[in-house]
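One structure is given here, and the rest of the page talks about it.
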Amino acid sequence: MPKFAEISSVSFAEVECLIDESTSTDSQLQCSLQGNPTCGDHVPVLKTKFGAIKSVSKLPLTTITCTATSAAPSADLNILGNQKIIIKGTNFPQNLLATSVNPAPTLSLAFTDAAQTACTPLSTSTDAITCTTEPFKTASQDEALNIKMLINGQEVANTLSFKVEQVGSLKATGLTPASVSPVLKTKITIQLANTGSAELNKADFEVYASRVSAGKGAEALVKRLNVLAVDETSKTVDVMFGGAPSGLYAVSIRHGKHGLIETSSLELTVGSTVTAISPNVGSIYGGTLITITGTNFGTKKTDNPVQLSFHGGVGSIDCFVISTTSTQITCRVGDGLTRKDKEKATLVTFLKTSEEASCSPSICGYTFTSAVPTVTAMSSQFDAASGTQEVVVAGTGFSGDISSTELWVST
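Given below as structure tokens:
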């Protein structure tokens, strides 16, 4: 054994033991534990500035036992899991992490159903362990379950009893809207049912959207949706969708007290789709006014830039957005063009330039045509009666329909 002055620390059962310098000698140390010991089989751990003392490993093991006295909640456990349970007792580990003095403790908590459903430790202190339940796959509602606790290799004797509910006390039945743009912030309202006596507090809710389908090679993706508000009267939860790549997403909800909420009916479609464009034939000189119909467009002109594409981005022609709603965009093809007759292009509706609205070639195909009206002459005169300047344009191929004819005079 090293000399007393060389010993830098003593610990026992994962707790620091403060050396009593007044009574300790080179042949005997006396120290006082600075907390409750942790259950398991232990020997004192002595360290000097050179490290641990190997000779201590020859000492006989001392067994410290744990007790588990209560658990909450213990009735109506959520069959879907993810519910926090606090187990009270004595001599539990101080924490779940390794320290400079002690290795990390080993904790295993499992219910006695056929699947031995686990309760994963989240935190621990000397008198309480908090764990979160996994989904119960085999437990029946009338079955009384116990819990098997192993701490540092020691099984903790206990008489704790639990019961599982078959239908979650909280259930989500729908969300509005169920389809959103991948690039626009959108408020989504989730409708709840079967709330029973559960209090609805904003701080208790966590909402996630997990991508379940996307394009080939797409990686798994989970987005957290910020909870904005909870309405006790209407039983709704408002969340903010902040944007995500296009695809189909499953929505999951975690409640701080009740665990996972039943959300099997909640699916969120992320994406924008063009369902029609009119007209799909326009002048080789440009200037055609195009109406685009679809879903999840932005309401600002800058939300959805539009182009006529020939071979990717190079050489594309802008279609300048004039007006836009969530379902319709009108844009005018840039003028001053000289395209070829029957030249093909693809109309592309961008989503803030990071994505494109999906559209089949049969819908978004666009053809330039030389079969356009011809202007042969133009004259103007002032009408004194109306105080206006009247312009007369002569030519061929006009439609004769003022609703589809516009005259622009450049200066």
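Counting from -14, one number per residue, gives the positions in the sequence shown under my numbering. We treat Cβ as the ideally placed atom computed from N, Cα and C, and that holds for glycine.
Residue closest to residue i, alpha-carbon to alpha-carbon, out of the options
i: Ser93; options: Ile114, Cys316, Asn76; result: Ile114
i: Ala142; options: Leu213, Asn76, Leu81, Ser308; result: Asn76
i: Glu247; options: Thr373, Gln15, Asn179, Ile387; result: Asn179
i: Leu155; options: Lys170, Thr10, Thr171, Gln176; result: Gln176
i: Leu326; options: Ile277, Gly271, Gly300; result: Note on residue identity: the sequence assigns Asp, not Leu, to residue 326. Comparing Cα-Cα distances from Asp326 to each of Ile277, Gly271, Gly300, the minimum goes to Gly271.
i: Lys172; options: Val212, Ala157, Ala205; result: Val212
i: Lys337; options: Leu145, Ser365, Thr284; result: Thr284
i: Ile277; options: Ser146, Ser17, Ile307; result: Ile307
i: Ile314; options: Ser339, Val360, Thr381, Pro264; result: Pro264
i: Cys116; options: Gly241, Glu328, Thr158, Pro346; result: Gly241
i: Gly350; options: Val259, Thr359, Thr218, Val236; result: Val259
i: Pro29; options: Glu1, Gly380, Ser146, Thr10; result: Glu1
i: Glu140; options: Ala100, Thr123, Cys51; result: Cys51
i: Ile348; options: Val357, Ala157, Val333, Ser339; result: Val333
i: Phe305; options: Val299, Leu65, Gly319; result: Gly319
i: Gln15; options: Ser371, Pro88, Ile4; result: Ile4
i: Glu204; options: Leu233, Ala379, Ala89, Phe335; result: Leu233
Coarse secondary structure for residue i, derived from DSSP in three states
i: Ser166; result: coil
i: Ala188; result: helix
i: Ala(-10); result: helix
i: Ser7; result: coil
i: Cys104; result: strand
i: Ser301; result: coil
i: Ser388; result: helix
i: Arg317; result: strand
i: Ile64; result: coil
i: Gly138; result: coil
i: Asp98; result: coil
i: Ser146; result: coil
i: Ala89; result: coil
i: Ser311; result: coil
i: Lys285; result: coil
i: Phe295; result: coil
i: Gln15; result: coil
i: Gln176; result: strand
i: Ala(-2); result: coil
i: Arg196; result: strand
i: Val30; result: strand
i: Cys116; result: strand
i: Ala129; result: coil
i: Leu322; result: coil
i: Thr23; result: coil
i: Lys327; result: coil
Assumed close pair residue i, residue j - CB separation to whole angstroms, cut-off 8 angstroms
i: Ile136; j: Gly25; result: 7 angstroms
i: Val165; j: Phe226; result: 5 angstroms
i: Phe295; j: Ala330; result: 5 angstroms
i: Asn63; j: Leu245; result: 6 angstroms
i: Glu(-9); j: Thr33; result: 5 angstroms
i: Ala(-2); j: His27; result: 4 angstroms
i: Glu119; j: Thr91; result: At roughly 18 angstroms, the Cβ-Cβ gap does not stay under 8 angstroms, so Glu119 and Thr91 are not in contact.
i: Thr323; j: Ile269; result: 7 angstroms
i: Thr111; j: Gln79; result: 6 angstroms
i: Ala95; j: Ile132; result: 7 angstroms
i: Tyr193; j: Leu210; result: 7 angstroms
For residue j and residue i, the rounded distance between their alpha carbons
i: Thr8; j: Pro45; result: 23 angstroms
i: Gly267; j: Thr354; result: 6 angstroms
i: Ala56; j: Ile71; result: 6 angstroms
i: Ala362; j: Leu392; result: 14 angstroms
i: Ala60; j: Leu253; result: 33 angstroms
i: Ala229; j: Thr161; result: 17 angstroms
i: Gly20; j: Ser(-6); result: 15 angstroms
i: Asp288; j: Glu375; result: 38 angstroms
i: Thr413; j: Thr373; result: Residue 413 lies beyond the residue range present for the chain, which begins at -14 and ends at 396; the question has no answer from this structure.
i: Ala148; j: Asn281; result: A small correction: the amino acid at residue 148 is Lys; Ala does not occupy that position in the sequence shown. C-alpha separation (whole angstroms): 46 angstroms.
i: Met134; j: Val215; result: 37 angstroms
i: Cys344; j: Ser108; result: 50 angstroms
i: Lys170; j: Phe35; result: 58 angstroms
i: Leu130; j: Thr97; result: 6 angstroms
i: Asp368; j: Ser389; result: 25 angstroms
i: Glu191; j: Ile238; result: 6 angstroms
i: Gly256; j: Thr312; result: 13 angstroms
i: Ser125; j: His243; result: 18 angstroms
i: Lys122; j: Thr105; result: 16 angstroms
i: Thr381; j: Ala261; result: 30 angstroms
i: Ser(-4); j: Leu82; result: 16 angstroms
i: Asp223; j: Arg196; result: 20 angstroms
Closer than 7 angstroms: residue i CB and nearest the ligand GTP heavy atom
i: Ile71; result: This structure simply doesn't include the ligand GTP, nor any ligand for that matter.
field: Whole runs of the alpha helix (DSSP H) within the region 203 to 273, excluding any shorter than 4 residues
entry: none
query: Which full runs of the beta strand (DSSP E) of 3+ residues lie inside the region 331 to 391, going along the chain?
result: 350 to 354, 359 to 368, 373 to 381
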